[in-house]
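Structure first, then comments.
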Amino acid sequence: MGIGVYELTGRTALVTGAASGIGRATAALLAQAGTSVHCADLDGPGARATAERITADGGAAHAHPLDVTDREQVRETVAAAVRADGRLDILAAVAGIMHSSPVLETDDADLERVLAVNFKGVLYSCQEAARAMIAGGAGGSIVTMASGAVDTGAPGLLCYGAAKAAVVQLTRTLATEVGRHGIRVNAVAPGWIRTPMTARRTPGAQHGTEQAMGRAAPLGRVGEPEDVAHSVLYLASDAASFTTGQILRPNGGVAMPW
């Protein structure tokens, strides 16, 4: 369980993208800190597997199938979390997809699909969570998932990087609007993390890609989902009680913007 300012017992968290990778690691760590975790994902069986793993380890968890591009589904999932636990204190909006196409070959379908999941899905999740937190009157913490792609250009990642840049602007703007309600809004911008999503981006070349990414980082390695989950835990906890509108970068030092 959590210790001191990282102790979250009695609080409720919703984690989107909880079926695997960063989302699964985040849900597990928030549960270890004492939260009741609602695990949501388009992959309903995957979300259920995450919740079952948490409960098997002695935590409290619920599973929800969720398409974050459907505003009504997002609204109902947030409402279900509040009905179950009487409150919502933490949102970790992790759900996202990675699509690669050169700028000159990017079409409307590419753009719309990536924006729908990586930006609109985060927007809907933030809107519904913030409304629930305001209604609850106890403040809260919203953590969005940006990317190292907001700090540098990368071949093929126009749509992904643009959507994540929009998430950063959403994070900053929402922070200015809900701070008076005691709600903090921050983003995490990971570097290269070893997840099923990054493995799919480089089929057949994952090991070589990871080696190259690791060499590019001052810490000499790529990240693990747990590295990002710990950043989310910090931002969700009282340790970050005076932190809002910020971007935390667990990236091994590969990018060091001001």
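Residue numbers (this note's numbering): 1294 to 1551. In this text, a Cβ means the ideal position worked out from N, Cα and C, and glycines have one as well. Here the structure is a predicted model, which means the values were calculated and not measured.
- Looking only at L1526, V1547, W1485, the smallest Cα-Cα distance to P1511 is reached by V1547.
- In the three-state reduction of the DSSP assignment, V1330 falls in the strand class.
- In the structure shown, the three-state DSSP call for M1426 is helix.
- Counting the other Cβ atoms within 10 Å of the Cβ of V1410 gives 16 or more, which makes it buried.
- Assigned with DSSP and collapsed to three states, I1476 falls in strand.
- The criterion of a C-beta distance shorter than 9 Å is not satisfied by V1515 and R1477.
- Secondary structure at V1308: strand, using DSSP grouped into helix, strand and coil.
- Under the three-state reduction of DSSP, V1481 is assigned to strand.
- Comparing C-alpha distances from G1430 to each of G1475, A1447, A1459 shows the shortest one belongs to G1475.
- Taken in chain order, the whole beta strand (DSSP E) runs of length 3 or more contained in the region 1325-1391 are 1329-1334, 1353-1358, 1383-1386.
- In this structure, the beta-carbon distance from M1506 to Y1453 does not fall below 9 Å.
- According to the DSSP assignment, V1525 belongs to the alpha helix (DSSP H) that extends over 1518-1529.
- Residue burial is scored here from C-beta neighbours: F1535 has fewer than 16 other C-beta atoms within 10 angstroms and is therefore classed as exposed.
- Distance check between A1356 and each of E1345, Y1299, A1529, R1424 places E1345 closest, using alpha-carbon atoms only.
- When rounded, the separation of the alpha-carbon atoms in M1438 and G1339 is 20 Å.
- Taking every protein chain shown into account, the CB of T1319 has 16 or more other CB atoms within 10 angstroms, so this residue is buried.
- Secondary structure note for V1460: its alpha helix (DSSP H) is the uninterrupted segment 1451-1471.
- Boundaries of the alpha helix (DSSP H) harbouring V1407: 1401-1408, taken from the DSSP string.
- In the structure shown, the three-state DSSP call for L1512 is coil.
- In the structure shown, L1541 adopts extended strand secondary structure according to DSSP, grouped into three states.
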